[in-house]
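Take a look at the structure set out below.
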Amino acid sequence: MSGCVSVFERSSNNGRYTYAYTGVRSDLDELSNKDSLISPLIMIDLPFSFVLDTVLLPVDGIIYAIDSNNN
80 MSGCVSVFER
90 SSNNGRYTYA
100 YTGVRSDLDE
110 LSNKDSLISP
120 LIMIDLPFSF
130 VLDTVLLPVD
140 GIIYAIDSNN
150 N
């Protein structure tokens, strides 16, 4: 697992997203779906996504700042 939702979210949309902790938010959105069959896997992935999103937070800020300046 190791934060695979964070990696997936960053690789989709050419790495462009408008909020921090994109992997954690995606995990929590999926967990809010009560009919989800992958909820146990999401629960395992959530702490890893949190760590990876925290480590990549400065990079996310730089990407967001560059995108904001270009628009």
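Just so you know, we're using the numbering used here here: the sequence shown kicks off at 80 and counts up by one. We put the CB at the ideal spot given by N, CA and C, even for glycine.
#1: Count the other C-beta atoms from every protein chain shown that fall within 10 angstroms of the C-beta of D124, then say buried if there are 16 or more, exposed otherwise.
#2: To the nearest angstrom, how far is the alpha carbon of M122 from that of D106?
#3: Can at least three beta-carbon pairs, one atom from the region 84-91 and one from the region 124-133, be found at a separation below 8 angstroms?
#4: Which residue from Y143, P126, D114 and L116 puts its Cα closest to that of R104?
#5: What separation, rounded to the nearest whole angstrom, lies between the Cα atoms of K113 and A144?
Once the coordinates are examined:
#1: buried
#2: 8 angstroms
#3: Look at the beta carbons and you see the region 84-91 touching the region 124-133: at least three pairs across the two are nearer than 8 angstroms.
#4: By alpha-carbon distance to R104, the top candidate from Y143, P126, D114 and L116 is P126.
#5: 36 angstroms
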